[in-house]
Amino acid sequence: MSVELIPGRSRTVAIGAAALAVLLGALDTYVVVSMIRQIMDDLLIPVNRLERVTPIVTGYLLGYIAAMPLLGQASDRFGRKLVLQSCLAGFLVGSVVTALADDLPMLVAGRVVQGVASGALLPVTMALAADLWATHKRSNVLGAVGAVQELGSVLGPLYGVAIAGLAVWSSTFGIAGWRGVFWMNVPLGVLAMIAVQVSVSRRDPAHEPVRVDVAGGLLLAVALGLAVVGLYNPDPRTAVLPPWGGPMLVGVGVATVAFIGWELRAKTRLIDPVDVQMGAFLAALGVSGAAGVALMVTLVDVDLFAQSLLDRDDRGAVILLLRFLAALPVGALLGGLLAARLGDRVVAAAGMLLAAAGYFRMARWPMDVLSVPYQVGPIAVPRLDTDLAVAGLGLGLVIAPLSVAVLRAVPPIQYGIASAGVVVARMTGMLVGVAALSAWGLHRFHSLTANLQVPFPVGKPPEQAARELAEYTGAVDRALVTEYTGIFLITSVVCAAGALLALFLGRHPAKASDSAENSITKRS
């Protein structure tokens with residue numbers, strides 16, 4: 110289908126409708142984190158059993174990751190419109206199940222359904238942009254779609270905090286607190302379905318049919334699922350891995366070998382290596398995974414840093430995170446503009462280096478970071494605000510270049526699965542990275558506090574009891590600072606490694622190739 114046969118306004122409306130669907134999925138990725146406490150109270154889960162509710166978050170992400178490669182390829186086979194509509198319908202079903210849940214298993218099931226349905230929204234929208242815009246005009250559009258995804262990360266926690274602050278969402282319908290978020294998905298989802306229906310064209314009947322690698326997708330989903338389950342440890346104080354971690358990771362190896370063996374022999378593959386620039390493709394996946402590690406570490410550990418050391422509540426911690434969250438979409442838009450001029454490799458590498466610098470500075474945070482600003486001549490610059498903004502801006506810069514690079518590395522027939530691969534790598538980095546670093550961080554914390562004696566004030570003068578308590582609290586706080594800053598330092602190294610991988614993304618498309626594409630487009 111020629112992009113010149115589609116008016117510019119129609120293309121904008123179509124991509125806008127798909128972007129609305131992306132925003133819905135992005136909101137639900139992050140919104141639950143800020144409502145965990147209210148969900149626990151409603152389902153009568155004790156505060157000291159936080160591990161019981163983590164599947165609410167990981168279940169969504171796991172469904173998202175597991176379904177994305179298969180659904181991305183399905184959009185190449187059946188068309189962007191059909192897959193978008195099907196996934197929005199599934200998202201509505203999952204939202205209703207979640208809102209009606211009266212126990213934890215039903216709530217997790219609803220979240221998994223939501224995650225599976227959300228798995229195609231971003232990659233299919235990016236593939237739709239690739240369908241509608243020529244290569245040399247694609248960066249800005251992909252940057253805008255990436256900004257919408259990151260806008261969800263900004264609005265999601267704030268949305269959750271706002272809802273959690275209301276005792277009752279609607280006295281008319283009796284929708285209490287956190288359930289109102291998922292009921293609100295219903296009218297928003299219907300609106301998105303209507304917009305997609307009237308604006309996105311059906312698949313071109315002349316388009317060559319694409320087979321779907323169901324077996325490969327399922328094997329990859331099994332490998333990812335086993336990895337997440339094996340790294341999830343409800344009690345990391347006793348061991349890095351849970352009791353079932355070893356067998357699960359062995360299962361990951363078996364599933365991975367089976368996946369590779371299948372892909373080598375199968376006639377239909379998730380990624381057909383023919384005409385694929387495999388080096389650039391794998392480099393893009395690696396950079397995306399590194400960015401995912403950094404993103405989730407920030408969302409989890411900066412929140413914990415604020416609550417445990419800066420005496421902030423849930424709302425205050427989210428407000429501090431805004432410095433990072435607001436910089437992400439700004440970076441995404443800027444990355445799209447710069448990539449069109451400077452090339453994907455340069456912008457992606459610069460973005461990861463900038464993020465590495467931000468996390469390196471965060472690794473040097475003192476306990477009283479809010480009262481120790483940077484001095485730039487006579488001007489005092491807030492330290493925490495600056496470091497978080499730098500890290501967020503750097504991670505945002507890589508979104509559009511990675512999307513453009515991976516689409517340039519594959520033939521048009523594989524745009525959907527290639528776009529899915531970038532997001533799968535990022536989400537996998539989010540899950541695996543935060544699981545590994547959290548387990549390491551908790552072990553580090555407990556090793557630093559193993560010899561501390563909890564003070565008992567009974568039978569001691571008040572002054573001595575207060576002094577011992579202050580010494581104990583200070584030692585615990587210093588251990589926490591060591592834990593968090595160590596995690597930030599490792600994250601900085603991960604981002605630096607991502608910058609090195611970005612150098613293998615390949616050069617910016619040559620003018621000749623653009624001219625060739627334009628010539629083909631005109632003849633079509």
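First residue of the sequence shown: 110, per this note's numbering; consecutive thereafter. Even for Gly, the Cβ is constructed at its ideal location relative to N, Cα and C.
Residue nearest to residue 435 within the set 258, 180 and 415 is 258 (criterion: CA-CA distance). Residue pairing from DSSP places residue 488 in a beta bridge opposite 485. By the Cβ rule, the segment 223-241 counts as touching the segment 188-201, because three or more pairs are nearer than 8 Å.
Taking a C-beta distance under 8 Å as the contact criterion, residue 515 and residue 530 qualify as a contact pair. Excluding the 5 residues flanking it on each side, residue 145 has same chain C-beta neighbours closer than 7 Å at 162, in chain order.
When 557, 330, 440 and 549 are compared, the shortest CA-CA separation from residue 497 is found for 440. In this structure, the alpha-carbon of residue 490 lies about 30 Å from that of residue 546. Taken through DSSP and simplified to helix, strand or coil, residue 260 comes out as helix. Under the Cβ criterion (8 Å, minimum of three pairs), the segment 553-561 does not count as touching the segment 181-194.
Its Cα nearest to that of residue 602, the residue 461 stands out among 461, 521 and 510.
Per the C-alpha coordinates, the member of 325, 216, 458 and 353 positioned closest to residue 368 is 325. DSSP, reduced to helix, strand and coil, places residue 310 outside both helices and strands of the structure shown, so it counts as coil. Contact annotation: the segment 557-569 does not touch the segment 349-364, with fewer than three C-beta pairs closer than 8 Å. Three or more beta-carbon pairs drawn from the segment 455-475 and the segment 587-596 are found closer than 8 Å, and the two stretches are therefore classed as touching.
The beta carbons of residue 415 and residue 421 sit closer together than 8 Å. Setting aside the 5 residues that flank it on each side, residue 131 is surrounded in the same chain by 230, 231, 234, 254, 257, 258 and 261, each with a C-beta closer than 8 Å to its C-beta; the list follows chain order. Across the structure, residue 613 and residue 384 are spaced so that their CA atoms are roughly 17 Å apart. DSSP, reduced to helix, strand and coil, places residue 360 within a helical segment of the structure shown. The three-state reading of DSSP puts residue 174 in helix, counting H, G and I together. Under the three-state reduction of DSSP output, residue 215 falls in the helix class.
Counting along the chain, the unbroken alpha helix (DSSP H) around residue 233 starts and ends at 230-241. Annotation for residue 179: 326 place their beta carbon closer than 6 Å to its own, counting only its chain and skipping 5 residues before and after.
A direct Cα-to-Cα measurement between residue 171 and residue 400 gives close to 18 Å. For residue 413, the enclosing alpha helix (DSSP H) covers residues 412-418. The segment 532-542 and the segment 582-589 do not touch, with fewer than three beta-carbon pairs separated by less than 8 Å. Using a 10 angstroms sphere on the CB of residue 240, the tally of other CB atoms reaches 16 or more, which defines it as buried.
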